[in-house]
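Residue numbers (the numbering used here), protein chains in the order written: chain U, 1 to 314; chain S, 1 to 314. Heads up, the beta-carbon is just placed ideally off N, CA and C, and yes, glycines get one too. Source: prediction; values computed, not measured. Shown next, in structure tokens, is the structure this report addresses.
Number of protein chains: 2
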Amino acid sequence: MIFIAGSVLRLKQAAVLGAAGFVGRHAARALASAGYQVVGIGHGTWLRDEWREWGLSEWHVSDISVESLLTYAGEPEVLIQCAGSGSVAFSIAHPAQDFRRSVDTTLAALDFVRLHAPGCRVVLPSSAAVYGTAERMPIRIEDPLHPESPYGVHKKIAEDLCRSYGRTFGIHVAIVRLFSVYGIGLRKQLLWDACVKLVQGEVEFAGTGEELRDWLDIEDAAALLLTAASQASADCPIVNGGTGQSANVRTIVEGLGRALGIAAQPTFSGTRRSGDPVGYEADISGALGWDWRVERSLADGLAAYAAWFQQDRG
Amino acid sequence: MIFIAGSVLRLKQAAVLGAAGFVGRHAARALASAGYQVVGIGHGTWLRDEWREWGLSEWHVSDISVESLLTYAGEPEVLIQCAGSGSVAFSIAHPAQDFRRSVDTTLAALDFVRLHAPGCRVVLPSSAAVYGTAERMPIRIEDPLHPESPYGVHKKIAEDLCRSYGRTFGIHVAIVRLFSVYGIGLRKQLLWDACVKLVQGEVEFAGTGEELRDWLDIEDAAALLLTAASQASADCPIVNGGTGQSANVRTIVEGLGRALGIAAQPTFSGTRRSGDPVGYEADISGALGWDWRVERSLADGLAAYAAWFQQDRG
């Protein structure tokens, strides 16, 4: 609360579940920038200075359950459910735990809202992994869902729960199927691994280099999650979160190499990883219909990532 | 174990989760008749004489988790996952609890098998509720799934988990989408309610009387679950469990009236219950392809049910 000349100005409240994660922290910062007082709940070792820098007014290290949300979440107008492992490999190694992290947390969020915050708008960042291997590009929302990993299955299940709570209980929900989100601070996945290899002088990469992904900067993704909150309804609208354009892995690695000032040309082993879809490109007409726009180009994003990587490495 | 002339004959072991329920107890008896030593796990107040009569060699009152399965389930060759609320109304009143009863138990069963009994065949009795309002009859396995209640959504989610564990971990699974299962011992749903009303002299029933359902006797259903166990594979085959013929509610109520020796003709209020699909009729080509057959006609089933009802009422 802010006290101004004797009156009390109550800030809009928001909750971010899994706020210490890559998507969660950017969602928290975007909410704070939009004037929300943001409570974060989840796991992760985070110092006070860090979570305050990411826009949180409170950070609670806790499992996510109806009980913990009752204790910590306040009376949010917006809840963004970013909790989950975020890793296909983890979901294969520990499927039941991945389920609990992704699905049980979503169920807890929805049931908390049903019971205690019925006006709250819930946003689920889902994943392009729910589509599995697409039969055509760009991938549209109504295309069939054939997830190929427990991670993708669990995201699909979390989506089903959102729709169910919208239909049966009138909860306001929206889903954003994020494609390949990247950005400053992400210390895993292709961009990170590629930077690490390139600065170590390694030039041999797995795969064919031709694998297509739709790369979306995390700040654009976070802005889309906020837009989704404003569009949440009992009909549970779903949009893709991408740029609508794909780039192959070779382009990414070469772009990072140039940005890092490394002359060597990357080579690729040529073998496809089984279960790794060849291509992803999002039909983003839904998000564009919400007046959301892609603000950062891939070239700018790669340059910023490489600059951050070099600084981070000292 | 049975000791014969100094040698040990080890019976095949099976586990039934939710064995105290209507489907569970019949599944247990069918497994016992087929020569399995059957362990039951779940909730329900059941005396030793009762559960032994239903073919169980052990009955453990317990939540269903990987831990409790490790403790009680032995080394099953077959596991039939009958746990769940079995009630659309309950799922609307208590969606999170319904989810835990239907989905968490399925996940526990699958993860137990993945970790500790990889050769075990898992059968999930699912429900026609996963289809929602069908666009055409008979309903085929590949028809779209649009469940309309949390109950149906949770069954669909349990199915998704079975397929996921088959695909990713090679677990042998099979799914039977049961339509309107009825039979001796079922003290709820249409047949029970109709018998109670008819013997009390009430003749006014809700609905139009024209609602079509595909009625399957519970013993035929249990036999199909056992057949499904023999067909379980990592591809997770799915079949409908019905007769392939539907009968409307009026036919059921009038048939019960005749069997109970009640002359009065039932009347119907004429109002449709919202969210209650008008018709269900199963395409059972999958089950027939497994050489399963419907053994009991609806007329015989209704007569047997009415006779049991009168005896039960004393």
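Q | Check whether U:Val382 and U:Leu47 have beta carbons under 8 Å apart | A | Outside the displayed span of chain U (1 to 314) sits residue 382 of chain U, for which this structure offers no information.
Q. Where S:Gly301 and U:Gly279 are concerned, what is the direct C-alpha to C-alpha distance, given to the nearest angstrom?
A. Between S:Gly301 and U:Gly279, the C-alpha separation is close to 54 Å.
Q) Alpha carbon to alpha carbon, how far is U:Glu53 from U:Gln311? A) Near 18 Å, if we compare the C-alpha coordinates of U:Gln311 and U:Glu53.
(Q) Using the three-state DSSP reduction, which class does U:Phe205 fall into: helix, strand or coil? (A) In this structure, U:Phe205 counts as strand in the three-state DSSP scheme.
Q | Beta-carbon neighbours of S:Leu11, restricted to chain U and to distances below 8 Å | A | In chain order: nothing, as chain U lies at least about 30 Å away.
Q | Cβ of U:Ser164 within 8 Å of any chain S Cβ | A | So, interface residue.
Q. Buried or exposed: where does S:Leu383 fall if 16 or more other Cβ atoms within 10 Å of its Cβ makes it buried?
A. The structure shown does not extend to residue 383 of chain S, since chain S is modelled only from 1 to 314, so the question has no answer here.
Q. Can you tell me whether U:Gly170 is buried or exposed, with buried defined as 16 or more other CB within 10 angstroms of its CB?
A. The C-beta of U:Gly170 has fewer than 16 other C-beta atoms within 10 Å across all chains shown, which makes the residue exposed.
Q.
As a quick exercise: from U:Thr227, U:Glu211 and U:Ala259, pick the residue whose alpha carbon is nearest that of U:Asn248.
A. Measuring from the Cα of U:Asn248, the nearest candidate turns out to be U:Glu211.
Q: Could you have a look at U:His43 and say whether DSSP puts it in helix, strand or coil?
A: Coil.
Q | Check whether U:Ile157 and S:Thr168 have beta carbons under 8 Å apart | A | Contact flag unset, no.
Q | Residue span of the beta strand (DSSP E) that contains U:Val294, given as start and end | A | DSSP places U:Val294 outside any beta strand (DSSP E), giving it a letter other than H or E.
(Q) Under 8 Å: do the segment 224-240 of chain S and the segment 131-145 of chain S share three or more Cβ pairs, one atom per stretch? (A) Touching, yes, given that three or more Cβ pairs across the two stretches are closer than 8 Å.
**Q.** Length of the line joining the Cα atoms of U:Pro144 and U:Glu281
**A.** Rounded to the nearest angstrom, the two C-alpha atoms are 15 Å apart.
Q | Cross-chain neighbours of S:Asp111 in chain U, by beta carbon under 8 Å | A | In chain order: Pro95 and Ala96.
Q | Distance between S:Ser180 and S:Arg213 (C-alpha atoms, nearest Å) | A | Using only the alpha carbons, I get a separation of about 6 Å.
**Q.** Inter-residue Cα distance where the pair is U:Ser127 and U:Val176
**A.** So the two alpha carbons sit approximately 7 Å from each other.
Q. What does DSSP give as the partner residues of S:Phe309 in its beta bridges?
A. Note: S:Phe309 sits in no beta bridge, so no partner.
Q. So what does S:Gly241 bridge to, in DSSP terms?
A. In DSSP, S:Gly241 forms a bridge with S:Leu178.
Q. Taking 8 Å as the CB-CB limit, is S:Val153 close to chain U?
A. Output row for S:Val153: interface = yes.
Q | N- and C-terminal bounds of the alpha helix (DSSP H) containing U:Asp111 | A | Thr105 to His116 is the extent of the alpha helix (DSSP H) around U:Asp111.
Q: Ignore the nearest five residues each way along the sequence and tell me which others in S:Pro118's own chain have a CB closer than 6 Å to its CB.
A: Result list for S:Pro118: empty, nothing under 6 Å.
Q.
Which of the three DSSP states is assigned to U:Trp54 in this structure?
A. In the structure shown, U:Trp54 sits in coil (DSSP, three-state: anything other than H, G, I, E or B).
Q | 7 Å CB neighbourhood of U:Trp292 in its chain, flanking five on each side removed | A | Excluding positions up to five away in sequence, the list reads Ala223, Leu224 and Thr227.
Q | As assigned by DSSP and simplified to three states, the class of U:Ala168 | A | Here residue 168 of chain U is Thr; the residue named in the question, Ala, does not match the sequence. Three-state result, U:Thr168: helix.
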